[in-house]
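So for the sequence shown, the numbering used here puts the first residue at 96; every next one is plus one.
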Amino acid sequence: MPPATEAGQAGGLRRARSAASVAVSPAASGPVSGSGAERSAYGGGGGRRRESGATASNGHHHRHHPGQQQRQQGESGGGGSGESGESGESGPCSFHVNRSGFPLDEATWERLWRHVASAHPAGGDAGRSIRGEAALAQPPFPAVPTFRPSMPIPERLLAVQIYMRELQYNHTGTQFFEIRKSRPLVGLMDAAREMVQESLPIKCLEAVILGIHLTNGIPGVERFPLSFKSQFCGRTFRHVVLGVYHNGRFGSLGMSRRPDLMHKQLTFRSLYDLIADFQEAYRGYLHTVTRIKVGLSVPHDSQSFETIAWGHLTLDTLRTGAAETRSRLERHSRDIRCKLRKSLFGVPSPPRDRRRGKSVSPHRGLSSVLGRPGRDDGLCTPGGRKSAMPVTLTESGYQIRV
């Protein structure tokens, strides 16, 4: 049964964190840095949920244990799984999504433990040992980062990344927070505040939304989504991070099982160099990157009703050469830098109805009103000559045609 009371909910959340740790298999993947639930997880997947449009990345860069796919297919019939709705690929989704809010309802709660039993080598014994424990340790609640006015921007971004790492990566097989990518920014920021309040493990898509929330208001920083689609052993995997730009350098924030597929410091001179570093990391895990999507800059207004442009630029890496990829990314980088300059210096965009060459300044001189000598503001006659129209001026200087 799910926790119903406040005390029961606290115990339930402790068990959920324990489930994140117990779903880990040290023999299922290669070495990876981290501790606790940050160690490499057993199982994974990468299907995309059609219901909410969220990007699924559970196990987006893991080597697979024999028989793992059969276990995932047996569990894929539950709620939250489905076929990919973006590119036509179909297949089981290896994790579910909590759509019941908090506390978890009974169906979501029991489905979580069924997935743990199907993914863990010990089967249902691992889950039963946790659920039967009477006294579980209180999980830590990381402190939300605060920024001093004199704190450098790279240190602020690092503090955000450390906070997300302390939340840990979610290995339970159930995404705790439903993220609909079509929601306006104000709704997604509500979900980010709920992540801070509940302090539960998160996945890569949740980390992008949380990163936007925690970096709102940092001056001189542009944020944009950066999505990857890769293939490994005939299966498709998806991953997303939050790209950042500041002071002529690119970097990223995010969550992943692999340390080189999440946080990148502000050391890359171009967006192409940043993406090339991600591609090199993917090659180290024997993944082939087939598509890259770069979104537009995300506004810093948490009350905005705009939606995030997740895929403004799409690159098919199997068909696009390196030169064309660099050129398209450079054009996209110029758009990001241009938007940053406008936000810093407040340069307004010209209205669409403003005619070229027509001044609207209130300080126009009288000579500009009358025009240059020898020219009149009359209409053209059928003969091609302008008809002379007498012009008089009032005491206030306004022009009156007679």
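Where a beta carbon is used, it is the ideal one built from N, C-alpha and C, also for glycine.
Boundaries of the alpha helix (DSSP H) in which residue i is found, first to last residue
i	result
Ser213	201-214
Ser288	Inspection of the sequence shows that residue 288 is occupied by Arg rather than by Ser. 280-293 is the extent of the alpha helix (DSSP H) around Arg288.
Thr310	299-310
Tyr367	366-379
Residue of the options minimising C-alpha distance to residue i
i	options	result
Arg344	Leu361, Gly227, Cys299	Leu361
Ser195	Asp396, Thr310, Glu293, Glu273	Glu273
Cys299	Thr420, Leu207, Gln256	Gln256
Asn580	Val316, Leu348, Arg330	Because the chain here runs from 96 to 497, residue 580 falls outside it and cannot be looked at.
Trp204	Arg226, Ser277, Pro234	Arg226
Pro198	Ser224, Glu293, Leu410	Glu293
Lys434	Thr310, Ser245, Gln326, Arg318	Arg318
Gly349	Ala238, Met246, Pro235, Glu301	Glu301
Val65	Asp200, Gly329, Gly268	Only positions 96 to 497 of the chain appear in this structure, which leaves residue 65 out of reach.
Gly219	Ala229, Arg206, Ala230, Leu231	Arg206
Asn193	Trp405, Cys328, Pro296	Pro296
Gly312	His266, Ser397, His382, Leu337	Ser397
Glu289	Thr420, Arg275, Arg243, Leu305	Leu305
Trp208	His382, Gln270, His308, Tyr264	Gln270
Tyr264	Val303, Leu381, Leu408	Val303
Leu391	Leu366, Thr383, Leu381, Arg378	Leu366
Pro234	Asp368, Thr310, Leu262	Leu262
Val393	Arg260, Gln326, Lys276	Lys276
Asp368	Gly329, Ala417, Phe327, Thr409	Ala417
Thr310	Ala232, Val239, Pro216, Leu231	Val239
Ser428	Ser224, His215, Val339	Val339
Arg378	Phe327, Thr420, Phe190	Phe327
Phe236	His215, Ser213, Val291, Arg414	Val291
Arg364	His215, Phe190, Arg432	Arg432
Tyr258	Ala214, Leu410, Phe242	Phe242
Arg278	Leu410, Trp405, Leu413	Trp405
Residues bridged to residue i [DSSP beta-bridge criterion]
i	result
Ser322	Val335, Lys388
Val192	Gln270
Asp411	Arg386
Arg330	Phe327
Thr402	Pro279
Glu317	Tyr340
Enclosing beta strand (DSSP E) for residue i [first to last residue]
i	result
Phe345	344-348
Leu361	359-363
C-beta neighbour in chain B for residue i, strict 9 Å
i	result
Leu424	Annotation note: the requested chain B is absent from the structure, which comprises a single protein chain.
### Query
Within the chosen definition, does the region 317-337 reach the region 386-396 through at least 3 CB pairs nearer than 8 Å?
With the rule of 3 Cβ pairs closer than 8 Å, the region 317-337 counts as touching the region 386-396.
#### Entry: Contact between the region 250-260 and the region 271-288 (3+ Cβ pairs under 8 Å)
Contact between the region 250-260 and the region 271-288 is absent: fewer than three C-beta pairs spanning the two stretches fall below 8 Å.
### Query
Between the region 350-359 and the region 370-383, do at least 3 Cβ pairs fall closer than 8 Å?
The region 350-359 vs the region 370-383: in contact.
### Query
Looking at C-beta atoms only, is the number of pairs between the region 411-426 and the region 394-401 that lie closer than 8 Å three or more?
By the Cβ criterion, the region 411-426 is not in contact with the region 394-401, since fewer than three pairs of Cβ atoms, one from each stretch, lie closer than 8 Å.
### Query
Quick one: complete alpha helix (DSSP H) runs, 4+ long, within the region 227-286?
Correct list: 248-262.
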